[in-house]
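Quick note: to get my numbering, add 1 to the position in the sequence shown (first position is 1). This report concerns only the one structure given below.
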Amino acid sequence: MATTIKMPQLGESVTEGTIERWLVKEGDTVAQYDPLFEVVTDKVNAEVPAEVAGTVTKILVPDGETVAVGTPVAEIDADGAGASDVASEALAEPTPPQTPEAAAPEAAAPEAAAPEAEEAAAPEPELEMEAAPASPPQTAPDPAPDPTPGPTEVAAASDGGAARMTPAVRRLVREHGIDVAQITGSGAAGRVTREDVLAFVAGDASAAGSPAASTQPEGTATAAEAVAPSSTEAPPPAAATSVPSPASPAVPTPVPAPTAGDTEIPLSQMRKGIARKMTQVKQTVPHAYTVVEVDMTSVVRWREANNMAFKAREGASLSYVAVVVKAVTETLRKHPTLNSQFAEDRIILKQAMNVGIAVAVDNGLIVPVIHNADQLSISGVNARIRDISSRAHAGRLRLDELQGGTFTVNNTGWFGSVVSMPIVNAPEVAILSMEAIVKRPRVLEIEGEDVIAVRHMMNMTCSFDHRVLDGAQVGFFLADVRTFLEEWDAATPVG
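As structure tokens, this is what we get:
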């Protein structure tokens, strides 16, 4: 019996996906949960597994094509009869000459067995805010997947260890037009990593020595910075139902033609999705904002007293984000309207507290969700944050980790931000942005006298949907979060 494989919905607001490449070809036998193809959406890159075991009889959508969620993309014969049918058809009919489009899945097939050790070992994002690290290096967004394999890909497919690259590395190789056979891979089993490619490109640029070669990297970096995702953006909105994008204006604003020295960078699939949905949510959700100042001195001292032992036990530092998430979940119990969703004619108060954590990745922003965050200890929240952040950077998030969010926490303070205005992650109705913790003078009343003391201060911004919430409701919520943090008990257990 044939089973139809459809384009899955990788996120609540995702309406389409692009098949970056097939990991199987017609006639292949797959086991249940074996990866079939890689899909790219505005939120995440993911491998789609086989729903059933059997033989792949038809591939209905080629590499590089974007289709709507629910579109049939392949068929699997679960009875195994399809294998003989395919074989008999191959014997009965002459093999037509392959077009580049038809050859694409076969050219990519040797890469299907590549291990994902490099992605799993991607560096974890820095979540501490007291010492804001430098922003991660930004690269230009990747062009839309090309269904026709270039000579670099073909060379890579026949080069053993060099062919074992992640999709992001393959795109980087294709973007720079590099012969991957010239690169010595430093990854597992000779695998070519992103750092190998960038080092090779940098070496070529320095070796060239010509004026053109020396100015090109600077122009590229400038263009990359121009389109780099702003960390004050909110995560891509999650809509309860699929809402078509707003119609384009009849007469779009003319864009000046590129001049000498300008660089044009095609939008990646993720960036296109973010642009479309951010526009949609800003046009449909009336935003309002409230900012409060929080004295984090008690929290800072508590962390300093516990961080060394925690790091020795857990192998990771204790994050301020976990503390704020804990404060938020405890406070949401008293303010359930902020843990709700807008559904056109009604407001749905959510029972679960599923906190989304905005994570900036190289090509955009995604919001993995910590389900039932209120049931976790600070140590548990800390571990979940590091886990989903690491796997978000490696492109290894699961479908369920991108769905079901009820409230979002955005940490813009890690790069030094003091005030931001994030976009609400609709259909949620509020998002809290925690800014940098900085030392500032503050007037305190001690034994009836006003004294000036140096304190660890942090701003918190709450963006909210004014259709559901008013300023007073959000103000009372933020006041309670502030009190929870300022009165932090030094004996609070980490675990």
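All C-beta atoms, glycine included, are put in the ideal place defined by N, C-alpha and C.
Same chain, Cβ closer than 6 Å to residue i, five either side skipped, listed in chain order
i    : result
A306 : none
H336 : F478
D375 : T330, M354
A113 : Legend: pLDDT at A113 = 39, less than 50; position of this residue unreliable, no value from coordinates given.
S378 : G496
P73  : T5, K7, L61
V360 : I367, S390, A393
A135 : With a pLDDT of 38 at A135, under the threshold of 50, the predicted position of this residue should be treated as unreliable, though the coordinate-derived value follows. Hits under 6 Å: none found.
R483 : V293, V295
CA-to-CA distance, residue j to residue i, given in whole angstroms
i    : j    : result
V25  : L479 : 51 Å
F343 : G18  : 25 Å
V469 : V430 : 7 Å
V382 : A69  : 35 Å
L61  : L11  : 20 Å
E487 : P442 : 16 Å
G417 : K59  : 52 Å
V49  : A317 : 31 Å
A310 : H177 : 46 Å
P9   : P259 : 38 Å
R195 : R397 : 16 Å
Y34  : A313 : 37 Å
S390 : S380 : 15 Å
L268 : V495 : 43 Å
Q281 : V419 : 27 Å
G262 : P255 : 20 Å
G449 : P428 : 47 Å
Q499 : F408 : In the structure as shown, the chain starts at 2 and stops at 496, and residue 499 therefore has no counterpart that could be examined.
V362 : D481 : 32 Å
G414 : K440 : 13 Å
R172 : A75  : 24 Å
T16  : V356 : 23 Å
S47  : V41  : Inspection of the sequence shows that residue 47 is occupied by Ala rather than by Ser. Between A47 and V41, the C-alpha separation is close to 7 Å.
I447 : N411 : 34 Å
V300 : K278 : 36 Å
Secondary structure of residue i, DSSP reduced to three states
i    : result
M435 : strand
R399 : coil
K351 : coil
M297 : coil
V324 : helix
A492 : coil
I275 : helix
A69  : strand
Q404 : coil
G357 : strand
Q10  : coil
H457 : strand
D80  : coil
E305 : helix
S341 : strand
V174 : helix
R468 : coil
I266 : coil
G55  : strand
P16  : Note that residue 16 corresponds to Thr in the displayed sequence, not to Pro. Three-state DSSP puts T16 in coil, outside helix and strand.
D451 : strand
H394 : helix
L377 : coil
A32  : coil
Neighbourhood of residue i by C-beta, 8 Å cutoff - its chain only, sequence neighbours within 5 removed
i    : result
V31  : V25, L37, A51, A54, G55, T56, V57, I77
A509 : Any answer about residue 509 is impossible in this case: the structure gives the chain only from 2 up to 496.
I179 : T153, V198, F201, V202
T338 : I348, L350, V430, V469, L470, Q474
P287 : D466, H467, R468
I386 : L128, S320, V322, A323, V326, I358, I371
N340 : L333, L350, K351, M354, T407, F408
Close Cβ partners of residue i (< 7 Å) along its chain, the five nearest in sequence each way excluded
i    : result
F465 : A289, V425, V430, A431, V475
W303 : W489, A491, T493
L445 : V452, A454
F485 : A328, E331, T332
G472 : A289, T291
N308 : S318, L319
G71  : K7, M8
C-beta neighbour in chain C for residue i, strict 8 Å
i    : result
L400 : In summary, chain C is missing from the structure at hand, where a single protein chain is found.
Any non-hydrogen atom of the ligand GDP within 7 Å of residue i CB
i    : result
T409 : This structure lacks the ligand GDP, and indeed carries no ligand of any kind.
Quick check: the segment 316 to 325 against the segment 433 to 447, are there 3 or more CB pairs under 8 Å? yes
Touching or not, the segment 391 to 410 and the segment 364 to 372, by the rule of three or more beta carbon pairs under 8 Å? yes
Is it the case that the segment 444 to 464 contacts the segment 288 to 303, given that we only count it when at least three CB pairs across the two stretches are under 8 Å? yes
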